[in-house]
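Residue numbers (our numbering): 923 to 1262. Idealized CB from N, CA, C, for every residue including glycine. The structure displayed is predicted, hence computed values, not measured ones.
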């Protein structure tokens, strides 16, 4: 069994070129704290610089999201914006192409310096670009999650470094379990509550769902409490779920869009009971969990072009377009299928 404790992204709004340096310095701190070789740290800083520069020069409402993913051992950088998008993606990826008076090496340099590079863009809708960098002297961490693709974006409200949203995934063969916790409010006390929920989940993630929620409820009694959503999937069509509070689950396939409702209450404070519900996953559908820092009314079919892509691209697109901006925001995407 593999348990993945979720990470938090720091968001850097890139309003002009002067904002790029802050993101680059943050990446430099992350690599220094982890003892990366100098040349690998320089690659990560270069990717941050190129992504940020592209946002400053070309994007509307651009943000650079940065996270240290300690389980895989890499730095994840996501550039996302609301437009204008790229009309010819293949041409934009070629060295020497630029729509401004620059050398046009940005996207090509990012791809070369990254262990993983993925990009989606649509004219008028915006661009999301994902890059992951790790030391090239180290072997990639082996993840035993071949039966599932997954990704997440988790960002504290602007002005906070502590995030009151948290997430965790567990995998065993063709089974997956996911939990998303949203501590009441935001800031350090909300973070303590959300992390307490994860501790209750991590010990036995594949227990009966109601028992797992009860265990988290007990762990949360000494905290301010949290809204929690839990989901269990077997890799086929069947899934089970339960939860309490203002957290949400959805099944989205491009043609189907099904909400997964939670009960009233707050774990750690008051919950009447935990009812484990069952659902049949529509063909090709993925499961999506999100906190109340993300709007609930958004059209699933608008995201159809991203449903078969890296789930992190989808999570970032939802964050950019539908995060409320006044609370922590977390989106977790889980899809049965082979990992790339």
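Kindly list the residues whose CB is nearer than 7 Å to the CB of residue i, restricted to its own chain and excluding five residues on each side of it in sequence; keep chain order.
i: residue 1265; result: In this structure the chain extends from 923 to 1262, so residue 1265 is not present and cannot be described.
i: residue 1118; result: 1141, 1142 and 1145
i: residue 971; result: 942 and 946
i: residue 1023; result: Note that residue 1023 scores a pLDDT of 43, beneath 50, so its modelled location is shaky and nothing firm can be said.
i: residue 1136; result: 1196
i: residue 1218; result: 1170
i: residue 938; result: 978
i: residue 1190; result: 1115, 1139, 1142, 1143, 1145, 1147 and 1148
i: residue 1032; result: 969, 972, 973, 1039 and 1053
i: residue 1057; result: 958, 959 and 962
i: residue 952; result: 990 and 997
i: residue 1206; result: 1175
i: residue 1202; result: 1159 and 1160
Report yes if the C-beta distance between residue i and residue j is below 8 Å; otherwise report no.
i: residue 1104; j: residue 1169; result: yes
i: residue 987; j: residue 1042; result: no
i: residue 1208; j: residue 1235; result: no
i: residue 1114; j: residue 1145; result: yes
i: residue 925; j: residue 1155; result: no
i: residue 1128; j: residue 1259; result: no
i: residue 1054; j: residue 1111; result: no
i: residue 969; j: residue 1035; result: yes
i: residue 1211; j: residue 1171; result: yes
i: residue 1200; j: residue 1160; result: yes
i: residue 1222; j: residue 1249; result: no
i: residue 1124; j: residue 1164; result: no
i: residue 1198; j: residue 1231; result: no
i: residue 1109; j: residue 1047; result: no
i: residue 1253; j: residue 1074; result: yes
i: residue 1072; j: residue 1233; result: yes
i: residue 933; j: residue 950; result: no
i: residue 1130; j: residue 1213; result: no
i: residue 1239; j: residue 1225; result: yes
What are the boundary residues of the alpha helix (DSSP H) that includes residue i?
i: residue 971; result: 960–980
i: residue 1142; result: That residue, residue 1142, is in no alpha helix (DSSP H); it is neither H nor E in DSSP.
i: residue 1242; result: 1233–1244
i: residue 945; result: 942–955
Can you name the start and end residues of the beta strand (DSSP E) that residue i belongs to?
i: residue 1071; result: 1070–1077
i: residue 935; result: 932–935
i: residue 1171; result: 1169–1174
i: residue 996; result: 996–1002
i: residue 1186; result: Here residue 1186 belongs to no beta strand (DSSP E), and DSSP marks it neither H nor E.
i: residue 1178; result: Per DSSP, residue 1178 belongs to no beta strand (DSSP E) and is neither H nor E.
i: residue 987; result: 985–991
i: residue 1219; result: Counting along the chain, residue 1219 falls outside any beta strand (DSSP E), and DSSP gives it neither H nor E.
i: residue 927; result: 924–927
Which residues in the same chain as residue i place their Cβ atom closer than 6 Å to its Cβ, once the five residues preceding and following it in sequence are excluded?
i: residue 915; result: Any answer about residue 915 is impossible in this case: the structure gives the chain only from 923 up to 1262.
i: residue 1220; result: 1244
i: residue 1242; result: 1002
i: residue 989; result: 929, 931 and 998
i: residue 1021; result: Unreliable placement is indicated for residue 1021, whose pLDDT of 48 sits below 50; the coordinate value is still reported in the next sentence. None.
i: residue 935; result: 985
i: residue 923; result: 1094
i: residue 1079; result: 1108, 1249 and 1250
i: residue 991; result: 929 and 998
i: residue 1084; result: 1109, 1110 and 1113
i: residue 1044; result: 1007
i: residue 1122; result: 1137, 1138 and 1141
Looking only at its own chain, which residues have a Cβ that is under 8 Å from the Cβ of residue i, when we skip the five neighbours before and after it?
i: residue 1177; result: 1204 and 1223
i: residue 944; result: 934
i: residue 1106; result: 1086, 1112, 1115, 1146, 1147, 1148, 1149 and 1188
Does chain D have any CB closer than 8 Å to the CB of residue i?
i: residue 1174; result: Although the question refers to chain D, the structure presented lacks it and comprises just one protein chain.
**Item:** the segment 1089–1102 / the segment 1000–1009 touching (three or more Cβ pairs under 8 Å)
**Value:** The segment 1089–1102, when compared against the segment 1000–1009, does not touch it at the 8 Å Cβ threshold.
**Contiguous beta strand (DSSP E) assignments of at least 3 residues, all confined to the segment 1077–1159** = Correct list: 1087–1094, 1097–1105 and 1148–1155.
**Contact between the segment 1174–1185 and the segment 1131–1143 (3+ Cβ pairs under 8 Å)** = The count of Cβ pairs closer than 8 Å, one atom from the segment 1174–1185 and one from the segment 1131–1143, stays below three, leaving the stretches out of contact.
**Validate contact between the segment 957–965 and the segment 977–991 using beta carbons, cut 8 Å, 3 pairs** = Too few Cβ pairs lie closer than 8 Å, so no.
**Message:** Extract the residue ranges of the beta strand (DSSP E) inside the segment 1035–1064, only unbroken runs of 3 or more that lie entirely within it.
**Reply:** Taking only runs of at least 3 residues, the beta strand (DSSP E) segments lying wholly in the segment 1035–1064 are 1038–1044 and 1048–1055.
**Those runs of the beta strand (DSSP E) which lie wholly inside the segment 1185–1212 and span at least 3 residues** = Every beta strand (DSSP E) of 3 residues or more that sits fully in the segment 1185–1212 is shown, in chain order, as 1199–1202.
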